[in-house]
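These protein sequences, in sequence, are chains C and L. First residue of the first sequence? That's 47 in my numbering, and the numbers climb one at a time after it. First residue of the second sequence? That's 47 in my numbering, and the numbers climb one at a time after it. Built from N, CA and C at the ideal position, the CB exists for glycine as well.
2 protein chains.
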Amino acid sequence: MRKQNETKSGRTYGGLTQEQRKAARYKQFLEAGLEVFGTSGFRSATVRQLCRQAKLTDRYFYEAFGSLELLLIAVYKCQMDIIQERVITAITEVLPSQDIQHIADVGLTTFFTGLEDPRIAQVCMVELEGVSLDVSDLYHSYINNFADTFSSMAGLFYPSWKIADDEWKILGISLVGAMRQAATYWLLSNYAMDKKALVKATAKIFLGLIEHIDKEQATMLST
Amino acid sequence: MRKQNETKSGRTYGGLTQEQRKAARYKQFLEAGLEVFGTSGFRSATVRQLCRQAKLTDRYFYEAFGSLELLLIAVYKCQMDIIQERVITAITEVLPSQDIQHIADVGLTTFFTGLEDPRIAQVCMVELEGVSLDVSDLYHSYINNFADTFSSMAGLFYPSWKIADDEWKILGISLVGAMRQAATYWLLSNYAMDKKALVKATAKIFLGLIEHIDKEQATMLST
DNA sequence: TGTATTTGACAACAAGCGTCGTCAGAAGTA
DNA sequence: TACTTCTGACGACGCTTGTTGTCAAATACA
């Protein structure tokens, strides 16, 4: 008997190895997904439309993702990770200034800058709502993560504050919601208003909350 | 020639006039829509499923709404109008107290109370996102409306404040976003935390913002 | 150069859904 | 009671979509 499956698969093609080609196709689908989901929306997206946009055959779509939902998840993760990473590095850069106002400004500016591409804003702010349970879970795990970042940063700046974890959670989630709604409003207005105005307004919510809690903690301590 | 369409339509049936029956079916579909959209979600809803839930024939669905999208809009409007009306009346009742803290508490409590039914919360907080342009427009017109309510109430309480309309808009929208995200979090946690805790936390955001602006306006005035 | 692999275009198939028509029975009306 | 209208159950048609298979052209390798 000779070996079965003696096919020599995995050779190079177009000057690229199999892995390189796979990776390239993966990226093409990510790009196409951002374009399609970000303009036509996920609900009206079809496999055929997506493959046309990616300039790839259907078969490769199934090889790379298997379903539109998984592609949506991949696109979202990809974009959100970029934004999150940018925000965190931007904030850590100005962290030594100890200037809360400045830190809030920088963080929010970075956030809104990441959403200046309407397709990214559409996918990251609105398209993930109400797709499926899996997508919903992913979505809210990211929101939770963002919210927790706020709490831990506040704990760093105001170590004396005594606030229950539950309350931190609600506060962080609410702040994320404020940012999200502002960004969505910006997107729907076709970016009519200045980014600086957006940052200025949302920063007031952050700073107001901080000041409010600070005052509250002071009175709590004095009693 | 004798008259065409001489059919005597519109007679009573089951003890109800035609209008009463139509209204009853309309209501049945609204109820079924809330149930289906609020549990399975709009994306997976079908006409057949909906009619089964409403215990009515397909034909009446087309007579009453014509499309799932129009039904979704009707369900949303119906529920949001109820909530909005409750919030406004609750607030106007405690308005004479001039106690901002109390007013915020009452308003937020009424809001979250209106979302204690998970189906209502699902439809009003998450299902409308990313359905279609029409639905999106409606959705954000309601959000805008809510946001404007905040601005006008603040203008009533703090007539001396000088704040541009654009900024009010962003602030109001962001506050709505905060409430929305908190409510969604509540829903997804299966209403794990106490409503009072939710109100307490979100009220801090409102009060903090008010105090922040008040301080800012004072310093603006003194310069 | 000849052969095997990779690729892209496209057809085919089944499934799900919106939508409309039919038809028998229930309920009202003359 | 005889006739008309209303109602509900059900099937049929057409369209769209996901998914798989086919086949010829392009590319790499021995």
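Min CB distance residue i to chain C below 8 Å
| i | result |
| --- | --- |
| L:Y188 | no |
| L:I270 | The shown model of chain L, from 47 to 269, leaves out residue 270 of chain L, and the question about it has no answer. |
| L:A243 | yes |
| L:I7 | The first residue shown for chain L is 47 and the last is 269, placing residue 7 of chain L beyond what the model contains. |
| L:A247 | yes |
| L:F196 | no |
| L:Y231 | yes |
| L:K208 | no |
| L:M266 | no |
| L:V172 | yes |
| L:G223 | yes |
| L:L253 | yes |
| L:I259 | yes |
| L:M239 | yes |
| L:L234 | yes |
Environment of residue i [buried if 16+ CB atoms lie within 10 Å]
| i | result |
| --- | --- |
| L:D180 | exposed |
| C:T265 | exposed |
| L:R105 | exposed |
| C:L202 | exposed |
| L:G176 | buried |
| L:E173 | buried |
| C:L233 | buried |
| L:Y188 | buried |
| C:G218 | buried |
| C:Q50 | The predicted position of C:Q50 is uncertain, since its pLDDT is 35 and thus under 50; a value taken from the coordinates is nonetheless stated next. Exposed, because fewer than 16 other Cβ atoms sit within 10 Å of the Cβ of C:Q50. |
| L:A224 | buried |
| C:Y108 | exposed |
| L:L59 | A quick correction: the sequence has Tyr, not Leu, at residue 59 of chain L. Its Cβ having fewer than 16 others within 10 Å, L:Y59 is exposed. |
Where residue i falls: helix, strand or coil (DSSP)
| i | result |
| --- | --- |
| C:Y122 | helix |
| C:Y204 | coil |
| L:Y59 | strand |
| C:N190 | helix |
| C:V172 | helix |
| C:K241 | helix |
| C:K101 | coil |
| L:D151 | helix |
| C:G254 | helix |
| C:E162 | coil |
| L:F75 | helix |
| L:D211 | helix |
| C:S268 | helix |
| C:R94 | helix |
| L:V133 | helix |
| C:Q66 | helix |
| C:E112 | Correcting the residue type first, residue 112 of chain C is Gly in the shown sequence and not Glu. In this structure, C:G112 counts as coil in the three-state DSSP scheme. |
| L:Q144 | coil |
Inter-residue CB distance, residue i and residue j (contact presumed, cutoff 8 Å)
| i | j | result |
| --- | --- | --- |
| C:A167 | C:A229 | 6 Å |
| C:E115 | C:S182 | C:E115 to C:S182, Cβ: 11 Å. No contact. |
| L:V222 | L:G84 | Going by Cβ atoms, the distance from L:V222 to L:G84 rounds to 21 Å, so no, they are not a contact pair. |
| L:A193 | L:K215 | 7 Å |
| L:V121 | L:L80 | 5 Å |
| C:D260 | C:Y204 | 7 Å |
| L:G254 | C:L255 | 4 Å |
| C:R94 | L:R89 | Rounded, the Cβ-Cβ distance is 19 Å, inconsistent with contact. |
| C:K241 | C:F158 | 5 Å |
| C:A247 | L:E213 | 5 Å |
| C:S220 | L:Q227 | 6 Å |
Chain L within 8 Å of residue i, Cβ atoms only
| i | result |
| --- | --- |
| C:E115 | no |
| C:R94 | no |
| C:V177 | yes |
| C:K123 | no |
| C:S220 | yes |
| C:Q227 | yes |
| C:F88 | yes |
| C:D212 | yes |
| C:K101 | no |
| C:L184 | no |
| C:L80 | no |
| C:K250 | yes |
Near the ligand FMN: residue i beta-carbon under 7 Å from a heavy atom
| i | result |
| --- | --- |
| C:T156 | The model depicted lacks the ligand FMN and carries no ligand whatsoever. |
- prompt: Are the region 97 to 104 of chain C and the region 72 to 79 of chain C touching by the rule of at least three beta carbon pairs closer than 8 Å?
  reply: yes
message: Measuring CB atoms only, is the region 58 to 71 of chain C touching the region 151 to 164 of chain L, in the sense that at least three cross pairs come out at less than 8 Å?
response: no
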